[in-house]
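Enquirer: Protein chains in written order, with numbering that gives the first Met the number 0: chain A, 0 to 497; chain B, 0 to 154.
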Amino acid sequence: MEAFQHLLTGFGHALSLEYLAYAFVGCTLGTLVGVLPGLGPAAGTAILIPLTFKLDPTGAIIMLAAIYYGAMYGGTITSVLINVPGEAASVITCIDGHAMAKQGRGGTALGIAAIGSFIGGIVATIALVVVAPPLARLGLLFGPPEFFALMVLGLSLVTGLAGRSLLAALLMTIIGLVLAMIGIDPVRGAPRFTFGVPELYDGVGFIPVVMGLFGISEILLMAESPAREVIKTKLTGLLPSREEWRSSLRAIWRGTGIGFALGLIPGIGSIIPTFMAYIAEKRLSKTPERFGQGAIEGVAAPETANNAYANAALIPFFTLGIPSSPTIAVLMGAFIINGLTPGPFLFQERPDLVWTVIASLFIGNVILLILNLPLVGLWARLLHIPYQYLCTGVLLFCVLGAYSLQQSVFDVWLMIVFGVIGYFFRKLDLPLAPLVLGLILGPFIEKSMRTSLEMSGGDFSIFATRPLCVTLLVAAVVVLAAAALRLVPARVREAESV
Amino acid sequence: MNVRHGLITAGAGLAGLSVMVMAVSVGYGMKDALGPGAGFFSFWLSLIGGLLSVGLLASAWRGTAPGELGASLFPKGDAARRCVAMLAAVVLAALLIEPLGYRLTAAALVAGLLYALEARGHVAIWLFAAAASFGVYHVFMNWLLVPLPGGALGF
Numbered sequence: 000m001e002a003f004q005h006l007l008t009g010f011g012h013a014l015s016l017e018y019l020a021y022a023f024v025g026c027t028l029g030t031l032v033g034v035l036p037g038l039g040p041a042a043g044t045a046i047l048i049p050l051t052f053k054l055d056p057t058g059a060i061i062m063l064a065a066i067y068y069g070a071m072y073g074g075t076i077t078s079v080l081i082n083v084p085g086e087a088a089s090v091i092t093c094i095d096g097h098a099m100a101k102q103g104r105g106g107t108a109l110g111i112a113a114i115g116s117f118i119g120g121i122v123a124t125i126a127l128v129v130v131a132p133p134l135a136r137l138g139l140l141f142g143p144p145e146f147f148a149l150m151v152l153g154l155s156l157v158t159g160l161a162g163r164s165l166l167a168a169l170l171m172t173i174i175g176l177v178l179a180m181i182g183i184d185p186v187r188g189a190p191r192f193t194f195g196v197p198e199l200y201d202g203v204g205f206i207p208v209v210m211g212l213f214g215i216s217e218i219l220l221m222a223e224s225p226a227r228e229v230i231k232t233k234l235t236g237l238l239p240s241r242e243e244w245r246s247s248l249r250a251i252w253r254g255t256g257i258g259f260a261l262g263l264i265p266g267i268g269s270i271i272p273t274f275m276a277y278i279a280e281k282r283l284s285k286t287p288e289r290f291g292q293g294a295i296e297g298v299a300a301p302e303t304a305n306n307a308y309a310n311a312a313l314i315p316f317f318t319l320g321i322p323s324s325p326t327i328a329v330l331m332g333a334f335i336i337n338g339l340t341p342g343p344f345l346f347q348e349r350p351d352l353v354w355t356v357i358a359s360l361f362i363g364n365v366i367l368l369i370l371n372l373p374l375v376g377l378w379a380r381l382l383h384i385p386y387q388y389l390c391t392g393v394l395l396f397c398v399l400g401a402y403s404l405q406q407s408v409f410d411v412w413l414m415i416v417f418g419v420i421g422y423f424f425r426k427l428d429l430p431l432a433p434l435v436l437g438l439i440l441g442p443f444i445e446k447s448m449r450t451s452l453e454m455s456g457g458d459f460s461i462f463a464t465r466p467l468c469v470t471l472l473v474a475a476v477v478v479l480a481a482a483a484l485r486l487v488p489a490r491v492r493e494a495e496s497v
Numbered sequence: 000m001n002v003r004h005g006l007i008t009a010g011a012g013l014a015g016l017s018v019m020v021m022a023v024s025v026g027y028g029m030k031d032a033l034g035p036g037a038g039f040f041s042f043w044l045s046l047i048g049g050l051l052s053v054g055l056l057a058s059a060w061r062g063t064a065p066g067e068l069g070a071s072l073f074p075k076g077d078a079a080r081r082c083v084a085m086l087a088a089v090v091l092a093a094l095l096i097e098p099l100g101y102r103l104t105a106a107a108l109v110a111g112l113l114y115a116l117e118a119r120g121h122v123a124i125w126l127f128a129a130a131a132s133f134g135v136y137h138v139f140m141n142w143l144l145v146p147l148p149g150g151a152l153g154f
């Protein structure tokens, strides 16, 4: 009841003209980020952060969150029309979505994806309203050892599910954690690994690193093989037939449940929910041979799961401060830039901001349905932009975005260096997501661990004597063991190899 | 150079870096009066990282690392030219953005890169360059209130 009252207050703020405009702009930019190949949601969100500098914190977060879940909608368009996922979570949609486009049913594929995404997003947001407050209260019971264990679990999930080699993923996590050590020691206040470079006293800038690893590297990879064929398909018949609608509805509800449940687990990534939703539909279907040949459930299920996941993944982020993916980690960076720390205390200290943002999630999903249904033809035209203009524009915005953060050329150089590193890491099949999560969570993990050891006088058994801490750490070990024993399907790990 | 050589090089390089980080971490102190020191976490992380790097090197050496080990690491021909052009453009942008200012740098970057990538249409190229430089400058400075460098020439 209290949550409902907070939500109503949140709607009161979110429906103001100013915040509606931010949500609209965010949704539009997010869809654009999702549509344009070569610009994933992590880099896209990072590049667009400077647009929010002059906004108040609530407005900035509303816009950036809208960019985040807007990209999930936009990624479908490239999956269907050019068989290239606009973002990692749309990989599975390529299978049946592109097949539908080749059959002249591209409009129906995009229509059901938009409707399914809307339903998944709205249901997940309703569940967020119900689940978030008690979870935030639970988070208040967490001490430094529990936070340490929870972040280790989150990192383990990202590591265990990333790429084809656990060894490589672990190495990348360690690199991210070590990079996070650069700067001022959070506990003692002394500089570390700065080697006399004043710009490094604040640490390695997370945003330029993400822009480099995901933006610059992607552009360089795209430059290697720029040719792509855009399917000319009918985009006018957006609504499915009665029969298609009946079979899609079941897929949408199942996709919503799968996406939401998995979104609650920090670190699970966006590929797993879409993959599992697709497999579930195929297994439950009376005619599984249709999958891969243009089955509408093969689009409805993963796209719904994708958006349900995207909204549900905000729950561990808002309530416990654990980012589930590089894109949410960028959102976390935006929170920090605005002087906010996501987690249980945010609900206590800034309920106005939290509930306004949650209310804007509902509004954003409505805006996205409007943007993606009738205007889908407009978005599809963007795919015809020659790659030269696309790459050049993205490159320029990367430079602009990196420079604007602190009016510092050092950030641009940092972006370039990590762009080259990211390019070669991707060529070497070394996954980037664990590095990014390690970089953003490193200071928190170190601070939690060292604070815990100070509490226990240097005795490590503090991590073994607290039940919740033990449970989380055991879960982390189980995840890594499962990955080591190759219990996760190879196809999923390959798809997560970004 | 193929992916296998790249992994071996990366493994060796990261192992060397790990040893350096370990040495520096010891200098920061592993323990102090209040508990773990400033170098504690980084020392153990770099030790684990060093072992993992050696593992990566070994798996690449034996040919058991996943991925297409025989694939070329560097692009060739036109692909290499495009990649080099993009890298050169962004490096030049970093060098020139403050002395020359955003507008001139962006115009030069955009037009130069579009020509290097063999984009068609001189009018389209220069219109795009103008929008990306002067247009974006106007939006950032006047609407978004995000300052961009004016450069020594004042524009």
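Virtual Cβ for every residue (Gly too), placed ideally from N, Cα, C.
1. Which residues in chain B sit within 7 Å of A/ILE218, going by Cβ to Cβ distance?
2. DSSP on B/PRO35, reduced to helix/strand/coil?
3. Give the C-beta separation of B/GLY66 and B/VAL2 to the nearest angstrom, bearing in mind that I take them to be a contact with Cβ-Cβ under 8 Å.
4. Helix, strand or coil: which one does DSSP assign to A/SER323?
5. Can the beta-carbon of A/ASN364 be found closer than 8 Å to that of A/ILE121?
6. Restricting to runs no shorter than 4 residues, where is the alpha helix (DSSP H) found entirely within the region 240–312 of chain A?
7. Along chain A, which residues have their Cβ under 8 Å away from the Cβ of B/ARG81?
8. Under 7 Å Cβ to Cβ from A/ALA475, same chain only, skipping five residues before and after it: list those, please.
9. At a Cβ cut of 7 Å, what residues of the region 401–414 of chain A count as close to chain B, listed as they run along the chain?
10. Please report the distance separating the alpha-carbon of A/ALA168 from that of A/ASP410.
11. Might you give, ordered along the chain, the residues of its own chain that have their beta carbon closer than 8 Å to the beta carbon of B/ALA64, omitting 5 neighbours on each side?
12. Measure the beta-carbon distance from A/PRO385 to A/SER323 and round it to whole angstroms, keeping in mind my assumption that it falls under 8 Å.
13. Give the secondary structure of A/LYS53 by DSSP, where H, G and I count as helix, E and B as strand, and everything else as coil.
14. Taking the C-alpha atoms as reference points, what is the distance between A/PHE52 and A/LEU283?
15. For B/GLY111, which residues in the same chain have their Cβ closer than 7 Å to its Cβ, ignoring the five residues on either side in sequence?
16. Pick out the complete alpha helix (DSSP H) segments inside the region 143–175 of chain A, 4 residues or longer, and give them in chain order.
17. Which class does A/ILE183 belong to by DSSP, given the choice of helix, strand or coil?
18. In the DSSP assignment, find the alpha helix (DSSP H) that holds B/THR63 and state where it starts and stops.
19. What residue range does the alpha helix (DSSP H) around B/ALA88 cover?
20. Are the C-beta atoms of B/ILE7 and some chain A residue less than 8 Å apart?
21. Here's the rule I'm using: 16 or more other beta-carbon atoms within 10 Å means buried, otherwise exposed. How should A/HIS383 be labelled?
22. Of all the residues that make up the region 34–49 of chain B, which are near chain A by a beta-carbon distance shorter than 8 Å?
23. For A/TYR67 and A/ILE327, I'd like the C-alpha separation in whole angstroms.
24. Looking at chain B, which residues of the region 158–181 of chain A have a Cβ within less than 7 Å of any of its Cβ atoms?
25. Can you tell me whether B/SER71 is helix, strand or coil according to DSSP?
26. If we count Cβ pairs, one from each stretch, closer than 8 Å, do we get three or more for the region 302–319 of chain A versus the region 112–121 of chain A?
27. On the three-state DSSP scale, how would you describe A/ASN371?
28. Does any CB atom of chain B fall closer than 8 Å to the CB of A/ALA481?
29. Using a Cβ-Cβ cutoff of less than 6 Å, which residues in the same chain neighbour A/LEU127 once the five nearest sequence positions on both sides are dropped?
30. Excluding sequence positions up to five away, which residues of its chain have a Cβ less than 8 Å from the Cβ of A/VAL203?
31. Can you tell me whether A/PRO350 is helix, strand or coil according to DSSP?
32. Does B/GLY66 have its Cβ less than 8 Å from a Cβ in chain A?
33. Can you tell me which of the three DSSP states B/ARG102 falls into?
34. Consult DSSP for B/ARG119 and reduce its assignment to one of helix, strand or coil.
35. Counting contacts by CB-CB distance shorter than 8 Å, is B/ALA22 in contact with chain A?
36. Taking the alpha helix (DSSP H) that A/ALA189 falls in, what are its first and last residues?
Expert: Based on what the coordinates show:
1. MET85
2. It is a strand residue.
3. Rounded to whole angstroms, the Cβ separation of B/GLY66 and B/VAL2 is 6 Å, and the two are in contact under 8 Å.
4. coil
5. The beta carbons of A/ASN364 and A/ILE121 sit closer together than 8 Å.
6. As summarised for the region 240–312 of chain A, the continuous alpha helix (DSSP H) elements at least 4 residues long and confined to that stretch are 241–262, 270–283 and 296–311, given in chain order.
7. ALA222, GLU223 and PRO225
8. VAL151, LEU152 and SER155
9. TYR402, SER403, GLN406, VAL408, VAL411 and TRP412
10. 26 Å
11. ARG3, LEU6, LEU55 and SER58
12. The Cβ separation is near 35 Å, so there is no contact.
13. coil
14. 48 Å
15. Annotation for B/GLY111: ALA88 place their beta carbon closer than 7 Å to its own, counting only its chain and skipping 5 residues before and after.
16. 143–160
17. strand
18. That residue, B/THR63, is in no alpha helix (DSSP H); it is neither H nor E in DSSP.
19. 76–99
20. no
21. exposed
22. So the list reads GLY34, PRO35, GLY36, ALA37, GLY38, PHE39, PHE40, SER41, LEU44, SER45, ILE47 and GLY48, given in the order they occur along the chain.
23. 8 Å
24. ARG163, SER164, LEU166, ALA167, LEU169, LEU170, ILE173, ILE174, LEU176, VAL177 and MET180
25. strand
26. yes
27. A/ASN371: helix per DSSP, three-state reduction.
28. no
29. ILE314
30. LEU178, ALA179, ILE181, GLY182, LEU413 and LEU438
31. helix
32. Against chain A, the CB of B/GLY66 has a partner CB under 8 Å away; the residue lies at that interface.
33. helix
34. DSSP places B/ARG119 in coil when its eight states are reduced to three.
35. no
36. Element bounds for A/ALA189: n/a, residue is neither H nor E.
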